[in-house]
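Okay, structure first, notes after.
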Amino acid sequence: MNNMTQPSHISRALLERTLGYHGKPFQKIWETSRREDELQRIGIGNDPDFAVYTARSKHLTLKDRAKRLKLHQFMVKNADTLFDYALSIKPQRKLQGEYQECTQFAIPPMEVFLGPDTVEKAEQLLKNVQPGDVLYGAVVPKHNHNPNHGITLKPLLIIGNVTYCVRNLSIKATIAPAMMAPSVETVSGLVKSNQTANIIICCEVIDVAADARRLYCSTWRSAKSDRVPASIEYGLVKEDDIPAPYK
162 MNNMTQPSHI SRALLERTLG YHGKPFQKIW ETSRREDELQ RIGIGNDPDF
212 AVYTARSKHL TLKDRAKRLK LHQFMVKNAD TLFDYALSIK PQRKLQGEYQ
262 ECTQFAIPPM EVFLGPDTVE KAEQLLKNVQ PGDVLYGAVV PKHNHNPNHG
312 ITLKPLLIIG NVTYCVRNLS IKATIAPAMM APSVETVSGL VKSNQTANII
362 ICCEVIDVAA DARRLYCSTW RSAKSDRVPA SIEYGLVKED DIPAPYK
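Shown next, in the form of C-alpha cells:
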C-alpha cells in the first residue's frame, strides 16, 4: 500500500458529501484501495446517507458505467489532494457575481436566439447550464409518491451561466431528500405549502445529467453560491417573485 496523508488531512464533510453523491460503487473502491477502516477513522459511519445517489441512480445510463468507474478510481487515487481539508476553507476574496442585473436594457433569455426545434433548445440548455446556477421550478405532483425519491420539478427559469426560460422542454429537475433544506417543510416527502397548485421552489443546480435530460438540485447553498446575490433566497417562492426574464 502506498504512503498516504494522514486521514486528519482529509475533509470529512467533503468526503461525506462525495460518498452521498457517488454512492456504494465509490465506497467499495475506496475501501478496497485505501487503508482498512479509514472511513471510520475519518469520522464517517458505517451507513453513509446515499439518498442523493439513490435519486440519481434511476437516471444513470449503463453506457457510462465504465466512465463512472474510471472517475471513482481517479478520485480515490488522488483523494489526498482532492479531499484536502484546506480546499474546503473559503477564500477571503469573493467571486464577482455573474448574476448582476443589467439596468440599461432587458437582455432576452437564451432561447430567443435559437430556432423552434425543442430538441436543439434542450441540448443547448443542458450544454450551458452549470453547477451553481439558480433554478426556479414548479413541483410536479405524483401519485403513490416515494419519499426516498425526492421531489421532481418542472424547470421554469434558470439564471447563471445563461438566462434560460424553460418552456415545453422534456427536462426535469430532482431534489433528493438530503438536499432539501429545513426552510422547505415536507410531509412524507411531499412539499407542505399553503398553495394548492403551482408550488414553486428556488434552488441551486448541483449536477447536470445531459443523457437523462435531468438536473439535480439543492436548496442548500454551496461554495458556488457565492456567485448568487443574497437577495435570491432558496426555498418556496411565489410566482410573482420569479425574476423579470420569466415574466
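No gaps in the numbering here: position 36 of the sequence shown is 197 in the numbering used here, and each next residue is one more.
Beta carbons are placed, not taken as given, at the ideal position from N, Cα and C, and that holds for glycine.
Item: Contact the stretch 208-221 vs the stretch 237-246: 3+ CB pairs below 8 Å; Value: no
Item: Of the listed residues V345, A339 and W381, nearest to L180 (C-alpha basis); Value: A339
Item: 6 Å Cβ shell around A371 - same chain, five flanking residues per side excluded; Value: L287
Item: For A391 and A212, the rounded distance between their alpha carbons; Value: 28 Å
Item: Buried/exposed call for Q188, threshold 16 Cβ in 10 Å; Value: buried
Item: Given 8 Å, three or more beta-carbon pairs between the stretch 318-334 and the stretch 195-212; Value: no
Item: P302 CB to nearest heavy atom of the ligand COA below 7 Å; Value: Absence of the ligand COA from the depicted structure is noted, as is the absence of any ligand whatsoever, leaving it without description.
Item: Start-to-end residues for the alpha helix (DSSP H) that takes in K303; Value: From DSSP, K303 is part of no alpha helix (DSSP H); its letter is neither H nor E.
Item: Rounded C-alpha distance that separates F266 from P404; Value: Note that F266 scores 44 on pLDDT, short of 50, meaning its location in the model is unreliable; the coordinates nonetheless yield the value given after this. Their backbone Cα atoms lie some 15 Å apart in a straight line.
Item: Nonlocal neighbours in the same chain, by C-beta distance under 7 Å from Q234, ignoring five residues either side; Value: I190
Item: Counterpart residues of Y377 in DSSP-defined beta bridges; Value: T335 and D368
Item: P209, buried or exposed, once every other Cβ within 10 Å from all chains shown has been counted against 16; Value: buried
Item: Where the alpha helix (DSSP H) containing C185 begins and where it ends; Value: The sequence given here has Lys at residue 185, not Cys. Where K185 is concerned, the enclosing alpha helix (DSSP H) stretches over R173 to S194.
Item: Where the alpha helix (DSSP H) through L232 begins and ends; Value: R226 to K238
Item: Buried versus exposed, by CB contacts within 10 Å (16 or more), E365; Value: buried
Item: I320: first and last residue of the uninterrupted beta strand (DSSP E) it sits in; Value: I312 to I320
Item: Whole-number beta carbon distance between L314 and V295, since they are thought to touch under 8 Å; Value: With a Cβ gap of about 13 Å, V295 and L314 do not count as contacting.
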